[in-house]
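Colleague: Quick one: this structure, given as structure tokens, is what I'll be asking you about.
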Amino acid sequence: MNKLGTIGRTLASLSKFSGVQSVPKRCLTSSLDTEKRRLLVDPEDGSSPKDEYPWVWLRDNCQCSSCYESQAQSRIINLSEYDLNMKPTSTQTEEDKISVSWEDGHVSTYDYKWLLERSFRPEQRQKFRRSFESEQSLWKADFQEKFPRADFNQIMEDDKALLSWLENLDRYGFVLVENVPVKTGPVPELQKRAGFERLTHYGPGYTVQVRPDPSNLSYTHHRIFFHTDLTYYDHMPGTIFLHCIEQHQGKGGETMLADGFKAAKYIKENHPDKYKILSSVVTYFKDIGSDYIKFNKFSYHPVFVQNFRGELVRINWSHFARDSYFDVDADKVEKVYEAMRLFDDTLNSPDFHIRLKMQPGDMVTVKNQRILHGRSELEGGISGRHLQCGYMDWDEIKSTMRVIRANLQK
């Protein structure tokens, strides 16, 4: 027996006991399908079928410095600058790179992993969709005993705590932030940690106190029904911040919260005809007055707004902002009111909402396009209820979550 053979058998034996197996690496191959007008790539792991990439998509997504600015992650060519029917003349692979030569002499080179992540297979497209669609945990009254809380100081000092707060806000739609300094200022400070403030006609870091000349129902002692804020904006803010600096000492003044998506789901499953009305009939909303500036806002949407896949993405609901104009045939008005009444009754049912009386140092943070909020009447006379409030766009929060996740993975 020769010495090399003995060494080889010894290494094989060690590999067997260590669980390591030698698997020959496949050579990456690519070809052109002229009938389908696609680049075909054999999966590196030997699976099937082949991945297919339309030629027009490949030319549009050329990664060379003449077509793509890598620092800005942006195309620098326009569709009008090349022929959409451009054909490749050849393709070749070298290690994990695939090059395509085009009939105009241009050459595009693609990283295999980059192509795999953008595969047109249904399962990969679904995987990509799920990468930016977060899980939504819907809730009812039992959420009272388990809603998420966060500590203000930890959020301000620790990116992991900041991410945890935002992820819970995304998932549940409501997080109570505690141990907030009892003064004006923490709302804009927290907004800077999460992105930046969305300015509205109520002004920056606006306050809610009872006023003799109220331009909004929140400036009165009256009960405030369940609602989403600023329904009269086409682009409604995604997040609300309500920081308690001083609380009403008498009975009432409780913050009430309901998961609008959960209530809508209940209606869809048990009263599909009424869900259809609420998701198709347009409702007008308005707000006219003077606060930070003089304003005259007007917008119109269905109560339930769905995306192109028929998924619920936004609730528009506010009795005091709902206009008296009704853009519906007279013989359908009663049906619309019955559907709205059902939604209102569902929200007000003890089974579908929670209540808490904020104490100084508490801050309610709410996902505005999903969670409806209200307030019980300030009974027994008015006594110094003072909140500092603010808004943020949900786009900024989603962006901040992605940035933090990327930083924490470094």
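So the sequence shown is numbered by the numbering used here: it starts at 6 and just counts up by one. Quick reminder that beta carbons are idealized off the backbone N, C-alpha and C, glycines included.
Beta-carbon within less than 7 Å of residue 405's beta-carbon, same chain only, minus the 5 sequence neighbours each way: which residues are those?
Modeller: 171, 199, 200
Colleague: If we ignore side chains and look at the alpha-carbon of each, how far apart do residue 288 and residue 333 end up?
Modeller: Straight-line Cα distance between these residues: approximately 9 Å.
Colleague: From residue 308 to residue 141, what distance separates their C-alpha atoms?
Modeller: 19 Å
Colleague: Between the alpha carbons of residue 305 and residue 228, how many angstroms are there, rounded?
Modeller: When rounded, the distance between both Cα atoms is 25 Å.
Colleague: Could you tell me the boundaries of the alpha helix (DSSP H) in which residue 341 lies?
Modeller: Per DSSP, the unbroken alpha helix (DSSP H) holding residue 341 starts and ends at 338 to 353.
Colleague: Compute the distance between the beta-carbons of residue 354 and residue 261, then report whether it is under 9 Å.
Modeller: no
Colleague: To which residues does DSSP link residue 97 through a beta bridge?
Modeller: 104
Colleague: Using a Cβ distance threshold of 8 Å, determine whether the stretch 127 to 135 contacts the stretch 155 to 164, with at least three qualifying pairs required.
Modeller: no
Colleague: Please classify residue 324: does DSSP put it in a helix, a strand, or coil?
Modeller: Note: residue 324 maps to helix in three-state DSSP.
Colleague: Quick one: does residue 373 have its CB under 9 Å from some CB of chain D?
Modeller: Of the protein chains in the structure, only one exists, and it is not chain D.
Colleague: Quick check on the DSSP output: the alpha helix (DSSP H) that includes residue 417 runs from which residue to which?
Modeller: Residue coverage of the chain in this structure runs from 6 to 415, which leaves residue 417 outside it and unanswerable.
Colleague: Taking three-plus beta-carbon pairs below 8 Å as touching, is the stretch 205 to 213 in contact with the stretch 263 to 282?
Modeller: no
Colleague: If we require 3 or more residues per run, which beta strand (DSSP E) segments fall completely within the stretch 251 to 275?
Modeller: Listed in chain order, the beta strand (DSSP E) runs fully inside the stretch 251 to 275 are 260 to 264, counting runs of at least 3 residues.
Colleague: Grab me the residues of residue 23's own chain with a C-beta within less than 7 Å of its C-beta, minus the 5 sequence neighbours each way, in chain order.
Modeller: Low confidence applies here, because residue 23 scores a pLDDT of 36, under 50, leaving its location unreliable; read the following figure in that light. Hits under 7 Å: none found.
Colleague: Taking just the CA atoms, how far does residue 101 sit from residue 319?
Modeller: 44 Å
Colleague: Quick check on the DSSP output: the beta strand (DSSP E) that includes residue 172 runs from which residue to which?
Modeller: Where residue 172 is concerned, there is no enclosing beta strand (DSSP E), although the alpha helix (DSSP H) it sits in stretches over 164 to 177.
Colleague: Is the stretch 343 to 351 touching the stretch 290 to 304 in the sense that three or more CB pairs, one from each, lie closer than 8 Å?
Modeller: no
Colleague: Contact defined as beta carbons within less than 8 Å: I believe residue 103 pairs with residue 46. What is the distance between those atoms, to the nearest angstrom?
Modeller: Residue 103 to residue 46, Cβ: 7 Å. Contact.
Colleague: Buried or exposed: where does residue 119 fall if 16 or more other Cβ atoms within 10 Å of its Cβ makes it buried?
Modeller: Residue 119 is exposed by the Cβ-count criterion.
Colleague: Please check the pair residue 139 and residue 80, which I expect to be a contact at CB under 8 Å, by giving their CB distance rounded to whole angstroms.
Modeller: Not a contact, Cβ separation roughly 28 Å.
Colleague: Please classify residue 393: does DSSP put it in a helix, a strand, or coil?
Modeller: strand
Colleague: How would you call residue 26, buried or exposed, if buried means at least 16 neighbouring beta carbons within 10 angstroms?
Modeller: Low per-residue confidence applies at residue 26: pLDDT is 39, beneath 50, and the placement is therefore not dependable, though the value from the model is reported in the following sentence. Result: exposed.
Colleague: Which residues bound the alpha helix (DSSP H) around residue 112?
Modeller: It is not in any alpha helix (DSSP H) - residue 112 instead sits in the beta strand (DSSP E) that spans 112 to 116.
Colleague: Between residue 148 and residue 243, what straight-line distance do the alpha-carbon atoms span, to the nearest angstrom?
Modeller: 21 Å
Colleague: Go through its chain and collect everything with a Cβ distance to residue 375's Cβ below 6 Å, but skip five positions before and after it.
Modeller: Taken in chain order, the residues that qualify are 178, 265, 266.
Colleague: Does residue 372 pass the burial test, meaning 16 or more other C-beta atoms within 10 Å, or should it be called exposed?
Modeller: buried
Colleague: Looking only at C-alpha atoms, which of 411, 369, 77 sits nearest to residue 154?
Modeller: 369
Colleague: Which residues in the same chain have their Cβ closer than 6 Å to the Cβ of residue 330, if we skip the five residues on either side of it in sequence?
Modeller: Hits under 6 Å: 289.
Colleague: Going straight from the alpha carbon of residue 240 to that of residue 256, what length do you get?
Modeller: 36 Å
Colleague: List the whole-angstrom C-beta distance separating residue 326 from residue 236, where the pair is believed to meet the contact cut-off of C-beta under 8 Å.
Modeller: 5 Å
Colleague: Which first and last residues belong to the alpha helix (DSSP H) in which residue 360 is found?
Modeller: It is not in any alpha helix (DSSP H) - residue 360 instead sits in the beta strand (DSSP E) that spans 358 to 361.
Colleague: Based on DSSP bridge pairs, tell me the residues matched to residue 311.
Modeller: 317
Colleague: Helix, strand or coil for residue 292? Go by DSSP, reduced to three states.
Modeller: In the structure shown, residue 292 sits in a strand (DSSP, three-state: E or B).
Colleague: So, under 8 Å CB-CB, residue 185 and residue 193 are touching, yes? Tell me the CB distance rounded to an integer number of Å.
Modeller: Rounded to the nearest angstrom, the Cβ distance from residue 185 to residue 193 is 12 Å, too far for a contact under 8 Å.
Colleague: Helix, strand or coil for residue 56? Go by DSSP, reduced to three states.
Modeller: Three-state DSSP puts residue 56 in a strand.
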